[in-house]
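Under this note's numbering, the first residue of the sequence shown carries the number 1, and numbering increases by one thereafter. Positions of the beta carbon are idealized from the N, C-alpha and C atoms, including for glycine. A quick write-up on the structure given underneath.
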Amino acid sequence: MAEINVTPMVDVMLVLLIIFMVTSPMMTSGVNVDLPKTDARPVNSDSKPITVSIKSDGTLYLGDNPVTADQLVAQLKAASNNDPSHRIFVRGDAHIDYGQVMQVMGQITEGGFTHVALLAQQPASSGH
Numbered sequence: 001m002a003e004i005n006v007t008p009m010v011d012v013m014l015v016l017l018i019i020f021m022v023t024s025p026m027m028t029s030g031v032n033v034d035l036p037k038t039d040a041r042p043v044n045s046d047s048k049p050i051t052v053s054i055k056s057d058g059t060l061y062l063g064d065n066p067v068t069a070d071q072l073v074a075q076l077k078a079a080s081n082n083d084p085s086h087r088i089f090v091r092g093d094a095h096i097d098y099g100q101v102m103q104v105m106g107q108i109t110e111g112g113f114t115h116v117a118l119l120a121q122q123p124a125s126s127g128h
């Protein structure tokens, strides 16, 4: 018998493989990274976002001023100085149709604005 018995080696390799498969996800999940700090200002930080509000009766407001759906894009362009990357937040009343909010957002993006986001009411802090 000059042949080498490979079975014990295969058993050991399989056990090692299983051990590494179980332990490797645990090793990668708890890595603490100290991120570098920078003095660079975030993009668009100087420009205040424009808020478009939709009330429960369907009326549109640009900031605090009422606006019609036809004037919305023109007013937004004037308020953002024709900057298509200006941030625009859309706030919708909780009781209006979801399609109405999507219609207004679609109208804004068709007007060429790329940074449109939805705003939600933040939950009140329970530290009182």
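Same chain, Cβ closer than 6 Å to residue 53, five either side skipped, listed in chain order:
Counting from 1 along the sequence shown, the entry for residue 53 is found at position 53. Here residue 53 has 61 and 91 as same chain residues with Cβ atoms under 6 Å from its own Cβ, once five neighbours each way along the sequence are excluded.
Span separating the alpha-carbon of residue 137 from that of residue 111:
Since the first and last residues shown for the chain are 1 and 128, residue 137 lies out of range.
Of the choices 85, 57 and 50, whose alpha-carbon is the least far from that of residue 72?
Along the sequence shown, read from residue 1 onward, the residue named residue 72 stands at position 72. For residue 72, the nearest C-alpha among the options comes from 50.
In three-state DSSP terms, what is residue 85?
In the sequence shown, counting from the first residue as 1, residue 85 sits at position 85. Residue 85 falls in the coil class under three-state DSSP.
Based on the DSSP secondary-structure assignment, which residues constitute the bridge partners of residue 66?
Position 66 of the sequence shown, counted from the first residue, corresponds to residue 66. Beta-bridge partners of residue 66 (DSSP): 61.
Does the distance from the C-beta atom of residue 56 to that of residue 88 stay below 8 Å?
Here residue 56 corresponds to residue number 56 of the sequence shown, with the count starting at 1. Here residue 88 corresponds to residue number 88 of the sequence shown, with the count starting at 1. Residue 56 places its beta carbon 8 Å or farther from that of residue 88.
Excluding the five sequence neighbours on either side, which residues of its own chain have a C-beta within less than 8 Å of the C-beta of residue 68, listed in chain order?
Looking up residue 68 in the sequence shown gives position 68. Answer for residue 68: 60, listed in chain order.
Whole-angstrom Cβ separation of residue 116 and residue 105, contact assumed at under 8 Å?
Counting from one through the sequence shown, the residue named residue 116 turns up at place 116. Counting from one through the sequence shown, the residue named residue 105 turns up at place 105. Between residue 105 and residue 116 the Cβ distance is about 6 Å, and since that is below 8 Å, they are a contact.
Pick from 100, 19 and 15 that is closest to residue 58, judged by C-alpha positions:
Residue mapping note: residue 58 aligns to position 58 of the sequence shown, counting from 1. For residue 58, the closest alpha carbon among the candidates 100, 19 and 15 is that of 100.
Alpha-carbon to alpha-carbon, residue 26 and residue 8:
Here the question's residue 8 lines up with position 8 in the sequence shown. Here the question's residue 26 lines up with position 26 in the sequence shown. In a straight line, the C-alpha of residue 8 is about 28 Å away from that of residue 26.
Taking the alpha-carbon positions, what's the residue 63 to residue 82 distance?
The residue labelled residue 63 in the question sits at position 63 within the sequence shown. The residue labelled residue 82 in the question sits at position 82 within the sequence shown. Cα-Cα distance, rounded: 17 Å.
Determine the extent of the alpha helix (DSSP H) in which residue 104 is found, giving its start and end residues.
As a working mapping, residue 104 is identified with position 104 in the sequence shown. Start and end: 98-110.
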